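First comes the structure, then the notes that go with it.
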Amino acid sequence: MTLLQPGFFSSLPVQNALLIGAGAALLSGAAGVFTVLRGQSFAGHALADVSAAGGAMAYLLGISPLLGFFSLSVLGALALEALGTRRAAGRDLAAGIVLGAGMGITALLLYLDVTVKGSAGAAVTVMFGSLFATPPGLGRAVALGALAGLLGLGFIYRPLLLASLDGELAKADGVNTRLLGAVYLLLLALAVTLSAMAVGAILSTALLIGPAAAALRLARSPVAAMGLAALLGLGCAWGGVWLAYQSYGWTPGHVWPVSFFITALVLVVYAAASLARRA
Amino acid sequence: MTAALNVEGLRVTLGGREVLHDVGFSLEPGAFCGLIGANGSGKTTLLRTILGFTSPSAGRVALGGAAGYVPQKLQLDPDMPVRARDFVELGLNGHRFGFPLPSRARRAKVEEMLAAVDAAGFAGQRIGELSGGQQQRVLIAHALIRQPKLLLLDEPLANLDLRAAAEIIALLRRVAKQGVTVLISAHDMNPLLSAMDRIVYLANGRAASGTTQDVVRTEVLSALYGYHIDVIRVHERILVVAGEHGAHGHEHVATIP
Amino acid sequence: MFAPYMLDAWIVATLVALAAGCAGYFVVLRGAGFAAHALPMAAFPGAALAGLLGIARFYGLAVFALGGVAGLAWLKRAQRPDAATALVLVALLGLGALFLSLSGQYSNAVYALLFGQILGVGPADLPPAFAIGLGVPLALLACFRPLTYSAIAPDLAAARGLSGAGLDLLFLGLLAVTSAVALPIAGALLVFTLMVGPAAAARHLTRAPLPALGLSMALALVIAWAALALAYLTGLPSGFFVGTLSAAAYLAARLKR
């Protein structure tokens, strides 16, 4: 097995995969720091599940999957905002049951994708992602989305940090916490969308939570945590792409799913960071 | 001189139940005032209403200037990678959106504030790693750095040992001496007795205010509780207990002037 | 709809609904929603691996679901249990994707295991369905009082010698085997809804414990039958009907109150 198979960087699908993986990992890592600190892992997970219906819908309507995922996760973010994210943070049964209904609708849409549109791989692409098979133009759109998301995150950074420390205190200091929460959920929806493009809707939590939780174990300041999380995420995403590319030689004629490698790497990174902290 | 805080005829209803009935008092600049009452008497509701988090069903709150707020305790994620110094700086600019540039003047202001509350020694530690008293100092610095006219503290002594509590009270006294009005809620008035020059006593959702001598008396508190209350003074400490013949004590009850 | 080849599907759906409706009641009672959500996901790679190795699906599912119970118990002691558990679950789903990808039947199998395929039930599914459809409700009924007691007052139950951790493990084990038998027909993403939707609805309709349990099982039965019939008649996926009917039952019960 060669370290870098010839053609790794010159292959167009690989370039596209690296670009999408980078965009998703950088924004999700940075935004994920606040998701973890605010105890909103559940909200991120819920948005991802809801966005799956959007991904399935995109096939049916023939629109860009980016648009499909994003429109539904924004809708989900608005619903969460209306419900109050603090309450949904627990194991709220109502939220779980409504999500179940959403999954049922996703099932229907995916079924229609296959039967009406003949998109046989829709279920895999939407739920588990298929990074090597994304349309070529998507890489640039994802990179732009990530850039916009990172700028937005920087813009709300200080009030968001204060509100994550203590919501009441932020209010007393004059932060419009409602507006802040809504903008933050919108950015979260964008991060989830990009991650769903990379590793699929039900796996996108990995890029959002994993690098951030690992970075929080190691970093000494919030900015350092965001930077480290973005880098760890990037490492996992690119490492996953590389391993998947290599896997072509392991089981002849067959590429292992990129998403498997990315999620596995994220778990390894998290476990290593936990052990490093304890040591 | 205008009052630093003026509360008039305040009524607050929470979940269909009136929690505060007609509460009124006024504090002049530089006052050190204890907001005293048992758990559930409405102290937190009153503070939240003054801060504007809860809107009253009647009455009004007038502030003579900006208010700083010190919550009882930060509900912190243990991994929160924020140092005490960063947290105090957030008091200065945490409410602003946008991209901050590093500024030497801001740094200097933060260090000055940290020194003023005797927090310079642990300014570089994570805020989650600080002891209760240390965290309380940092919270006070966070609130003071924007130079408020009024400082509201929600049960700052509740989680502190006796020594840390005495130190925090001494610090707050210095703050009040510099003209900042201090309103501090507590369920036990004794640690504050020597420091406070005003008291607002809450019971049954009603308030009596004045000096400790005026308010903490059998007649006044019995009227407040609607039950016979004994006020016992021992070695300059005060004990407020239900009277022996409380059930028959109504004839002793006077109304608050 | 009642042709001989459909008989297996009807029998399995009935048994699964009985077990899921009964387990769901205790999920709601004990606040174990998270475990009910996590165990089917943990079981998912088991089905994929069984397909790859050519063994009966149920065994793969049961092994991974029971492994999930051990994992949950272990991760509960992690410093940040929610994040750690979420990451392990996602990694397991990724592992399932790998197994399915290796077995060749990628897209169809992914769909069937995530969203359920009630019409794909065969004679091989009957023995485990009978064992669990009858065994789980009987076991849970036998433990009805201890499970209720320790859910309502864990300290009191422990003082009477009921081990909270032991009961938890027993309950989660039953939940795991229920998930394993329900997963092929309801799907990894929808087992939770089939369990919890009817139970949460029943809790809104009646306060008494035993009628609520019975109602939960009855509702689950109605939903499973309706989903099977509608899937057969319309040709649409059963997961769609399981998800929407469960949510509809829950919402209707909430609105009725």
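Chains as they are written, first to last, in this note's numbering: chain A, 343 to 621; chain B, 94 to 350; chain C, 382 to 638. The beta-carbon is built from N, C-alpha and C at its ideal position, and this holds for glycine as well. Note that the coordinates shown come from a computational prediction; the quantities given were computed from them, not determined experimentally.
- Legend: CB atoms of the stretch 530-564 of chain A lying less than 7 Å from CB atoms of chain B belong to residues L558, R559, A561, R562, S563 and P564.
- For I436/C, DSSP records no beta bridge to any residue.
- Per DSSP, T457/A is not a residue of any alpha helix (DSSP H), being assigned neither H nor E.
- Closer than 8 Å to the CB of V502/C there is not a single CB belonging to chain A.
- Contact annotation for W598/A against chain C: L479, S482 and L483 [CB-CB distance below 8 Å, chain order].
- When beta bridges are read from the DSSP output, F125/B appears opposite V275/B.
- Taking 7 Å as the cut-off between beta carbons, the residues of the stretch 381-412 of chain A near chain C are S383 and H387, in sequence order.
- Residue ranges of uninterrupted alpha helix (DSSP H) with 4 or more members, entirely inside the stretch 129-210 of chain B and ordered along the chain, are 136-144, 177-186 and 197-209.
- From the listed residues Y318/B, L317/B, V309/B and G319/B, the smallest Cα separation to I325/B is found for V309/B.
- Identification of residues in the stretch 477-499 of chain A having a C-beta nearer than 7 Å to some C-beta of chain B yields G496, F497 and I498, given in sequence order.
- Under the DSSP definition of a beta bridge, D323/B partners with V334/B.
- For T95/B, the three-state secondary structure derived from DSSP is coil.
- When the Cα atoms are used, G158/B and R219/B turn out to be separated by approximately 32 Å.
- Here F412/A has T535 as same chain residues with Cβ atoms under 6 Å from its own Cβ, once five neighbours each way along the sequence are excluded.
- Using a Cβ distance threshold of 8 Å, L295/B and G135/B count as a contacting pair.
- For the pair L183/B and K202/B, the CB atoms are not nearer than the 8 Å cut-off.
- Excluding its 5 nearest sequence neighbours in each direction, L481/C has C-beta neighbours in its own chain below 6 Å: A429, Y487, A490 and V491, listed in chain order.
- Here the alpha carbon of A431/C sits roughly 19 Å from the alpha carbon of V466/A.
- Counting only Cβ-Cβ distances below 9 Å, H188/B has contacts in chain A at R500, P501, L504, A512, D515, G516, V517 and N518, in chain order.
- Taking 8 Å as the cut-off, the beta carbon of L515/C is found no closer than this to the beta carbon of A454/C.
- Counting the other CB atoms within 10 Å of its CB gives I436/C a total below 16, which places it among the exposed residues.
- When Cβ pairs closer than 8 Å are counted between the two stretches, the stretch 545-562 of chain A is seen to touch the stretch 466-473 of chain C, the count reaching three or more.
- Around the CB of H328/B, fewer than 16 other CB atoms lie within 10 Å, so the residue is classed as exposed.
- Within chain A, the residues D515 have their CB atoms less than 8 Å from the CB of G184/B, given in chain order.
- Inclusion of C578/A and A390/A in the CB contact set at 8 Å is not warranted, their separation being larger than that value.
- The Cβ of A462/A sits closer than 8 Å to at least one Cβ of chain C.
- C-alpha of L560/A to C-alpha of Y612/A: approximately 11 Å in a straight line.
- Contact between G405/C and P579/C holds: their C-beta atoms lie close to 6 Å from each other, under 8 Å.
- Residues of chain A whose Cβ lies closer than 9 Å to the Cβ of P618/C are, in chain order, G446, A449, L450, L452 and Y453.
- In the DSSP annotation of this structure, I544/A is not part of any alpha helix (DSSP H), being labelled neither H nor E.
- Of M576/C, L614/C, A607/C and A610/C, the smallest CA-CA separation from S597/C is found for M576/C.
- The beta carbon of A606/A sits closer than 8 Å to some beta carbon of chain C.
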